[in-house]
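J.: This structure is in C-alpha cells; I'll ask about it shortly.
Number of protein chains: 4
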Amino acid sequence: MLTWKSAVPDNNEQREKKRETLLREAAAVFTRRGFHGTSLADLAENLGVTKAALYTYVQSKHELLFLCHSAAMDAAFESLKEAGAQGSNGREKLILTLRKYLERIIGKQSFCVVIMEEGALTPEHAETIIGRRDLFEREMRTLVVEGISDGSIVRCNPRLVVFAMLGAVNWVLKWFSPDGVWNERQLAFALIQFLERALSTQPSEALVEDPAL
Amino acid sequence: MLTWKSAVPDNNEQREKKRETLLREAAAVFTRRGFHGTSLADLAENLGVTKAALYTYVQSKHELLFLCHSAAMDAAFESLKEAGAQGSNGREKLILTLRKYLERIIGKQSFCVVIMEEGALTPEHAETIIGRRDLFEREMRTLVVEGISDGSIVRCNPRLVVFAMLGAVNWVLKWFSPDGVWNERQLAFALIQFLERALSTQPSEALVEDPAL
Amino acid sequence: MLTWKSAVPDNNEQREKKRETLLREAAAVFTRRGFHGTSLADLAENLGVTKAALYTYVQSKHELLFLCHSAAMDAAFESLKEAGAQGSNGREKLILTLRKYLERIIGKQSFCVVIMEEGALTPEHAETIIGRRDLFEREMRTLVVEGISDGSIVRCNPRLVVFAMLGAVNWVLKWFSPDGVWNERQLAFALIQFLERALSTQPSEALVEDPAL
Amino acid sequence: MLTWKSAVPDNNEQREKKRETLLREAAAVFTRRGFHGTSLADLAENLGVTKAALYTYVQSKHELLFLCHSAAMDAAFESLKEAGAQGSNGREKLILTLRKYLERIIGKQSFCVVIMEEGALTPEHAETIIGRRDLFEREMRTLVVEGISDGSIVRCNPRLVVFAMLGAVNWVLKWFSPDGVWNERQLAFALIQFLERALSTQPSEALVEDPAL
DNA sequence: AATGAATGAGGGTTCATTCAT
DNA sequence: TATGAATGAACCCTCATTCAT
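In the order they appear, the protein sequences are chains A, B, C and D.
Residues 57 to 269 (the numbering used here) make up the first sequence, in order.
Residues 57 to 269 (the numbering used here) make up the second sequence, in order.
Residues 57 to 269 (the numbering used here) make up the third sequence, in order.
Residues 57 to 269 (the numbering used here) make up the fourth sequence, in order.
Encoded structure:
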C-alpha cells in the first residue's frame, strides 16, 4: 500500500535543495557586498526566513564562506582535469582549463566565491583554501611551461601570465550578468579567446565581436 | 601682520603629511581586508594613535573610502590624458593609458582603492565614483574602436576587451608586492605588454621573461 | 472490555520510567552547570533524543526545575516526619532529620536540586518552593529550641546553627560522587556526626575516620 | 599655577573606583542569579550605563567572573597566611583561617564569588582557579592533620571535615545580608565558633546566642 | 591635536518553544 | 512517540561616532 509519506519526494532532497539555494544566495551576495558587508539578516530576508533558520543548514557564517570558496576550487580542479585529458599541447590545456573554469564559476547553479577579503576565512579554512589555490596556480604555470616547450606558447614569464589571466577571469564575477546579451558559454569563449591570443605562437587574425554559438 | 600661526608654517605641512599617511594606510588595509572588514581601531593602532584621533583628519570612515576611490579615478584620467597626447594610434593610446594607470595605482605613495564592496560607498559618493568609472571605461572603449579603425587593433568586442584588461590590471592590487623581484615599473611594463599582444594587429614574437629596465 | 491500550499495560510504566530518567539527568546537570547554564539540547543529547521529544514528558524547562526542587522538599519533609517519630529528644530528631535528608538528596535514584539561581523558578513556582523551604527551616529551628530545652543541645542561636548545618549538607551535592570510597550512607553518617558534635551537650570523643558500615 | 586639571583627583583613581564598583555589582549578581543567569544588560542597568560601556573596564563577561573568583582565592590565601602566623596549634590556625576568610568574602567592599556553575569559567581560567582552590583545600587538610597531631583536634577524616566546614562557610554568601542584626564580624565569629566546637578536643560549654562585639 | 569614556545600532549565535508530519 | 524545521527573543560583543577634557 502506498501512503502519503512514501509519495513525498524524498525529504532529504528538499533539504539539500534549500541548502543549495542558501549557498547560491550567499555566494551572490558575498561576491557583491563582500563577506563582512553581508549580514545573515540580509541573506535570511532574501530567502524569506529568519536568521536563526539558516543555522539548520549551516553551522556558521564562516562555514558558508568556506563552502563557497571550496566550490570555486572544485570547479578549478575539475576543469584542470578535464582539460588535461582533452588538450593536445600546453596552450590547449591551459586555455581549455580557463574556459571550463570560467563557465563553471559564472554558471547559474554554481555558488562560487573567488574574490574575498583577507582574514574572512578562519585560519583552518584559510589553510585549506589557500593551499588548493596555490596548487592550482602552480599547475597552471606548469601548463605554461609545457606550452613554451612544445612551441604552442610564446616565451614569457609564467607566473605573471597566470596571474594576469586569472585576474581577467575572476574579475568576471564582478560584472557579468547572465541576463545580458551574452550567455555564460559565449562569454567564456570570447574572453578566453582574447587571452589565448596574448600567448599563442599562432595568434588569430580576429576575435569574436558578437555573441554567437 | 604676522600672526603666531604664520610663524609655524610647517604646521599645515605636517598635518597634510599625516593625512596622507592615514590615506595610504587605509587604502592598503581596505584593499586587503575590505571596507567592512577594516575597523578604525585597526587603522588607528597601525598608525599609533587612537580611533578618535582619526577624526581630526577625516570626517568619517566613508570619506576615507571615497578619497581612496577618488585617487584611483584621478590616476585613471591623468593616465588617459597623458597617453592621449603621446600615443600615435588607438592601440598605443590604450596601452599607454593602462601602463600609466597601473604604475600609478601600485605606486608606493599612492592610496588607491579599486576593488570594493558594493554598498560601501554612500549613495552620493557612489554616484560620483561610478559616474567617473563609467566614463573612464567608455573612453577606453572609444580607444579600442579607434584602434580597430586605424588598423592597430584586431577586430573584437570593445566592451569585453576593456573589461578583460581592467580585470587583469585591477587584480594586480590583490597580489603584487613591490618587495619582490619586480618593481612597479617593470611589473606594469610586462603585464601591459602581455595584454597588448592580445589585441595588436602586429603581435610581438616574445614577451618579457624577467624583470629588466 | 479490553482495549488495545489495556493490552499494553507496560506503556504507562515505560513512560514513567523515561520521565524519571529525564528528571534525574536534569537534576544532575542543573546541579553541576546551573539552570541557565544547561540547555535542553544538552539534556536531550545525553538522553539520546531530540529537544522536541522532551516536551512529551514535561511542559517546560521551568517545570523540570520545579519538579527537582519539589523532590528536594519532599525529601526534607519525609525526613522530618520520620525523624520526629524516631528521635527521643531535640538533638536526635534534628540529627536524624539531617541524616535522612542527606541520604535522600544524594541517592542515586533521586532527582533533587537544592542550590539554584535566584530567578530561575517562575514566580508561582518560587512561591511554593520558598514557602516549603522556609517552613522546613522553621521546623528545624524548632527542633534546635526543643533540644536546648531538654538539655541535649548547647545554648546557641538556632537560626545561625540551622543555616550552618544546611550549608554543610547542601554543599555535598557539589562535590560528592558515589563512585568514591564512601557510599551515600557512610558519607551521610560521617558528615552529620561531625555536625552533631558541634551542638551536642555530650560531644563524642572522636569522629569517623574511614568509611565503615 | 594651579589648573583645574591638576585639581581633579587623579583620573586613574576614578577609573579604578568605577571598575571596582562594577566588580562588586557583578559578584553580587553572579552569586544570586548565577553566571549564566546574569546578563550584561542587567549589570549595566544597575550601574546606570550602557552594556557597551562595561567593555571599557573589562574585556569580557568571562573576565568579570574570573576576577571575582580570583578575589575569593586571594582572600583564602591571605587568611591562611595571617592565621599561620598567629595560631599556636593546628586548630587555632584552621579556625583563624576560616574566620578571616569568611569575614573577607562577605565584606561589603569585597567582590568574591565562590559558588559557581561548572563550565562558566573558560578552560584557561578554570585551570588557574581550580588549581588554587585545590591547593587551598590541601593546606586546610594539612592544618587538620597538624591539629590531630598536637591534640587540639579530635580524630576525624580531614577531607570530609574540610568539605563540611567550607560548605557551611561558602553557603553564607547565599543567605547573609549585612543589613540584618549581625554584622560581618559577628556573623563570622559565631559561625566559625560553631564549627570549631565540632572538632575541638576541648569543646566549649555554650555558643554565641546573640550578636555581640 | 589627541584622548578615554560613552553610546546606539547592529552582528553572529543560542535557545526554549511550537508545529506539521 | 518522536522528529526536523522554524521562530522570536535574548545574549555577548564590536564598531563608528561623539564629546568633555
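Every residue, glycine too, gets a C-beta built ideally from N, C-alpha and C.
Values in this document were obtained by computation on a predicted structure and should not be read as measured data.
With respect to the alpha helix (DSSP H) encompassing D/PHE250, which residues constitute its N-terminal and C-terminal limits?
T.: Run containing D/PHE250: 240–255, per the alpha helix (DSSP H) assignment.
J.: Grouping DSSP H, G and I as helix and E and B as strand, with all else coil, what is A/ILE185?
T.: Helix, per DSSP.
J.: Which residues of chain C have a Cβ atom closer than 7 Å to the Cβ of D/GLU173, listed in chain order?
T.: Here the neighbours are ARG89, GLY90 and GLY93.
J.: Output, in chain order, the set of chain C residues within a Cβ distance shorter than 8 Å of D/ASN226.
T.: Correct list: GLY223 and TRP227.
J.: Between C/ARG211 and chain D, is any beta-carbon pair separated by less than 8 Å?
T.: Yes, because at least one Cβ of chain D sits closer than 8 Å to the Cβ of C/ARG211.
J.: At a CB-CB cut-off below 8 Å, which residues of chain A make contact with B/ASP266?
T.: Result: ASN213.
J.: If you draw a straight line from the alpha carbon of A/GLY270 to that of A/ALA131, how long is it in whole angstroms?
T.: Examination of residue 270 of chain A is not possible in this model, given that chain A is present from 57 through 269 alone.
J.: Are D/MET196 and D/VAL218 close, meaning C-beta to C-beta below 8 Å?
T.: Taking 8 Å as the Cβ cut-off, D/MET196 and D/VAL218 qualify as a contacting pair.
J.: For the candidate residues B/GLU174, B/SER233 and B/VAL210, whose alpha-carbon lies nearest to that of A/LEU229?
T.: Comparing Cα-Cα distances from A/LEU229 to each of B/GLU174, B/SER233 and B/VAL210, the minimum goes to B/GLU174.
J.: Would you report the Cα separation of A/ARG147 and A/GLU202, rounded to the nearest angstrom?
T.: If I take the Cα positions, the gap works out to 8 Å.
J.: Let's see if you can read the secondary structure: which residues bound the alpha helix (DSSP H) around D/TYR113?
T.: Run containing D/TYR113: none; DSSP gives neither H nor E here.
J.: Pick out the complete alpha helix (DSSP H) segments inside the stretch 130–204 of chain A, 4 residues or longer, and give them in chain order.
T.: The stretch 130–204 of chain A contains these whole alpha helix (DSSP H) runs: 146–161.
J.: Hey, out of C/HIS118, C/LYS117, C/LYS74 and C/GLY90, whose CA is closest to C/GLY104's CA?
T.: Out of C/HIS118, C/LYS117, C/LYS74 and C/GLY90, C/LYS74 has the C-alpha closest to the C-alpha of C/GLY104.
J.: Hey, does B/LEU263 have any beta-carbon neighbour from chain A nearer than 8 Å?
T.: Output row for B/LEU263: interface = yes.
J.: Taking C-alpha atoms, which residue in B/ARG155, B/ALA224, B/PRO214 and B/ASN239 lies nearest to A/VAL264?
T.: With distances taken between Cα atoms, A/VAL264 lies closest to B/PRO214.
J.: Could you confirm whether any beta carbon from chain D is found closer than 8 Å to the beta carbon of C/PRO259?
T.: Yes, its Cβ sits closer than 8 Å to a Cβ of chain D.
J.: Could you check if A/MET57 is buried or exposed, using at least 16 other CB atoms within 10 Å of its CB as the buried criterion?
T.: Only weak support exists for where A/MET57 lies, its pLDDT of 42 falling under 50; the value from the coordinates is given anyway. Burial call: exposed.
J.: Using beta carbons (cut-off 8 Å, strictly below), is B/ALA220 in contact with chain A?
T.: Judged by the 8 Å Cβ criterion, B/ALA220 is in contact with chain A.
J.: For the alpha helix (DSSP H) containing C/VAL228, name the first residue and the last one.
T.: C/VAL228 -> alpha helix (DSSP H) spans 214–231.
J.: Please confirm if the stretch 157–167 of chain A is in contact with the stretch 94–114 of chain A, defined as three or more CB-CB distances below 8 Å between the two stretches.
T.: Counting Cβ pairs under 8 Å, fewer than three are found: no touch.
J.: Can you check which of these residues, D/THR257, D/VAL200, D/GLN249 and D/ARG188, is closest to D/ASP272 by C-alpha distance?
T.: A query on residue 272 of chain D cannot be resolved here, the shown segment of chain D reaching from 57 to 269 and no further.
J.: Given a cut-off of 8 Å on the beta-carbon distance, is the pair D/GLU240 and D/GLU134 in contact?
T.: Not closer than 8 Å, so no.
J.: Is D/ARG253 close to chain C, meaning its C-beta is less than 8 Å from at least one C-beta of that chain?
T.: Yes, D/ARG253 lies at the interface with chain C (some Cβ there is under 8 Å from its Cβ).
J.: Taking the C-alpha atoms as reference points, what is the distance between B/LEU78 and A/VAL85?
T.: Approximately 30 Å between the Cα atoms of the pair.
J.: If you draw a straight line from the alpha carbon of D/GLU183 to that of D/MET172, how long is it in whole angstroms?
T.: Rounded to the nearest angstrom, the two C-alpha atoms are 14 Å apart.
J.: Do you know whose CA, among D/ASN226, D/ARG188 and D/THR153, lies nearest D/ARG199's CA?
T.: The question names Arg, but residue 199 of chain D in the sequence shown is Leu. Out of D/ASN226, D/ARG188 and D/THR153, D/THR153 has the C-alpha closest to the C-alpha of D/LEU199.
J.: Starting from B/ASP266, trace the alpha helix (DSSP H) both ways and give me its first and last residue.
T.: Note, B/ASP266: premise wrong, no alpha helix (DSSP H); not H, not E.
J.: From B/LEU191, B/ARG88 and B/LEU255, pick the residue whose C-alpha is nearest to that of B/ILE209; which is it?
T.: The shortest Cα separation from B/ILE209 among B/LEU191, B/ARG88 and B/LEU255 belongs to B/LEU255.
J.: Which residues in chain A have a C-beta closer than 7 Å to the C-beta of B/LEU247? List them in chain order.
T.: LEU216 and ALA220, listed in chain order.
J.: Is B/PRO234 buried or exposed, if buried means 16 or more other CB atoms sit within 10 Å of its CB?
T.: B/PRO234 is exposed by the Cβ-count criterion.
J.: When the Cα atoms are used, what is the spatial distance from C/PHE122 to C/ARG80?
T.: Spanning the two alpha carbons is a distance of roughly 13 Å.
J.: How big is the Cα-Cα spacing for B/LEU243 and B/ARG71?
T.: Going by the C-alpha atoms only, they are around 33 Å apart.
J.: Which residue from C/TYR157, C/ALA128 and C/SER126 puts its Cα closest to that of C/ALA139?
T.: Ranking C/TYR157, C/ALA128 and C/SER126 by Cα distance to C/ALA139 puts C/TYR157 first.
J.: By DSSP, does C/GLN258 sit in helix, in strand, or in coil?
T.: DSSP places C/GLN258 in coil when its eight states are reduced to three.
J.: What does the alpha-carbon distance come out to for the pair D/THR59 and D/ASN68?
T.: Residue placement at D/THR59 is poorly supported in this model, since its pLDDT is 47, which falls under 50; the coordinates are not used for a value here.
J.: Is the beta carbon of D/ALA220 less than 8 Å from the beta carbon of C/LEU247?
T.: Yes. Within cutoff.
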